[in-house]
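Residue numbers (our numbering), protein chains in the order written: chain A, 516 to 648; chain B, 516 to 648; chain C, 516 to 648; chain D, 516 to 648.
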């Protein structure tokens, strides 16, 4: 994605580990979009009544990943306490959503795929927090 | 606002304290919009170069408040760990933004007003977290 | 809301009609939050299977109102073609969502309230577009 | 990205042309993130005062792409009038932002990259609208 090249041209980048940063941004984008899609696929399933918690946590996770992806993308004059708190909250949203999607993975391929991307995004968030110190 | 009446009609509300919840939602909406407006007013000031950190933190705070306002609004099948982490991250974003806006309050009325709403939203977030236990 | 006072302090406001502008911003904020809440209340209803289209259109309307509210709030160096296209798209989202919520208004009070705010937001968008010319 | 595979598992997909749809989703995601990054890089440039309109249009474009990407991703029970109006508004935002970024492309590599992704997203939106008929 172009955004990953674009960030490298920033005139005053943060001191954050670049690989961890780029991976967190890429995973937040994919996880947000995947959760929007999984919530929507859940709505069209005949057993939608069984998927209510999955839909709710997918909506939460999409919103958390969207906001976190934007905040992490910004390199100018960051506040590390804000950054850390948001990335930790995003990891919590990914963990809750991934666990719920996992419960439906055997019946719905979209839940299986969504659980995977939630796990990857959770890990990318945890790894970025670890580099903030 | 209609949303505050609408939430009261939810068929299965969360066990969260309703007054704290409604205040957090109302403050997140106002703070997000106020930060969008303050960042935009900063851009039009002749001393925009002095306001770069203010703009960045306003953009972060708007994104954090947007996501948190949505997550807190949802009453169906919540995950309290996600809720708490997001509300705490929102409080951190409001605190950082409010402190920076306060530094420009004497020169720019929009910064003074934005600092006020950030402080109120931070307090509303802290109060809601306190009721989650 | 503070945001409506804050906008009045902008150093270089647009030439848009201020009353129409402020009403559009206020309605977008309330409509976005109300649609998020109505979609969530739908999810908790026992007849959720009958409310799938209502949920989908509420999610769309919340996203359209969020983006439009932000874009309309910004006063600095606007592009009127972007502004008009977004406000028109927001009106379309409010119309579709309002019509669907209206169909469920007799059975669900949250749908009745949501239909009302969608109609008000649609009207505020139409009125703002009319002032752009 | 996982989201592009995930959408293919939707139980009741829309009748929209799948290739045009997937390209629009992918470009909206990249364009939104790239505009967030370009606005942020602009803020850190020594000639930030010359980049005010670029920042504003990048912020608008990021918001329009975010909302449109979400709405286009949803396959369940779509309203084609909403879809068309949002994708057209997104194209307008990409066009305005791409034109402004192009003006700064010779001086700022991030503006050059951002102009490219805006043009691709505008084209992907136009192509999707053409398939809606």
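By construction, the Cβ of each residue, glycine as well, lies at the ideal position given by its N, Cα and C atoms. Just so we're clear, the structure is a prediction, and the values are computed from it rather than from any experiment.
- For residue 558 of chain C, at least one C-beta of chain A is nearer than 7 Å to its own C-beta.
- Among the residues of chain A, those whose CB is under 9 Å from the CB of residue 574 of chain B are 585, 586 and 589, following chain order.
- Annotation for residue 601 of chain D: the continuous alpha helix (DSSP H) segment containing it runs 595 to 618.
- Distance from the CA of residue 532 of chain D to the CA of residue 633 of chain B, rounded to the nearest whole angstrom, comes to 45 Å.
- Excluding residues up to 5 positions away in sequence, 566, 569 and 626 lie with their Cβ nearer than 7 Å to the Cβ of residue 619 of chain D in the same chain.
- Per the Cβ contact rule, the segment 524 to 538 of chain B is not in contact with the segment 549 to 556 of chain A (fewer than 3 Cβ pairs under 8 Å).
- When DSSP states are grouped into helix, strand and coil, residue 590 of chain A belongs to the coil group.
- A contact is defined here as three or more CB-CB pairs under 8 Å, and the segment 593 to 610 of chain D meets this definition with respect to the segment 596 to 610 of chain C.
- Interface flag for residue 571 of chain C against chain D is set, since a Cβ pair is found closer than 7 Å.
- Between residue 529 of chain B and residue 545 of chain C, the C-beta gap is not smaller than 7 Å, which leaves the two residues out of contact.
- The alpha carbon of residue 524 of chain A has as its nearest neighbour, out of A/588, A/642 and A/581, the alpha carbon of A/588.
- Contact annotation for residue 578 of chain C against chain D: 581, 582, 585 and 586 [CB-CB distance below 8 Å, chain order].
- In terms of beta-carbon proximity, residue 594 of chain A lines the interface with chain B, with at least one pair separated by less than 7 Å.
- Contact check for residue 543 of chain C against residue 580 of chain C passes: the beta carbons are separated by less than 7 Å.
- Residue burial is scored here from C-beta neighbours: residue 578 of chain C has at least 16 other C-beta atoms within 10 angstroms and is therefore classed as buried.
- For residue 520 of chain C, the uninterrupted alpha helix (DSSP H) run begins and ends at 517 to 522, by DSSP.
- Residue 540 of chain B is positioned such that its CB atom lies closer than 7 Å to that of residue 584 of chain B.
- Under a 10 Å Cβ-count criterion, residue 561 of chain C is classified as exposed, with fewer than 16 other Cβ atoms of the shown protein chains found around its own Cβ.
- Classified as buried, residue 628 of chain A has 16 or more neighbouring CB atoms from the shown chains inside 10 Å of its CB.
- Listed along the chain, the chain A residues whose CB falls inside 8 Å of the CB of residue 516 of chain B amount to none; the nearest CB is some 19 Å away.
- Excluding its 5 nearest sequence neighbours in each direction, residue 630 of chain D has C-beta neighbours in its own chain below 7 Å: 613, 616, 617 and 620, listed in chain order.
- With distances taken between CA atoms, residue 610 of chain C lies nearest to D/597 out of D/609, D/611, D/608 and D/597.
- Short of 8 Å from the beta carbon of residue 644 of chain B, and not among the five residues preceding or following it, lie these beta carbons of its own chain, in chain order: 599, 602, 603 and 606.
- Scanning the segment 521 to 562 of chain D for uninterrupted alpha helix (DSSP H) segments of 4 residues or longer gives 533 to 558, listed from N- to C-terminal end.
- Relative to the Cα of residue 638 of chain A, the nearest Cα in the group A/608, A/519 and A/623 belongs to A/608.
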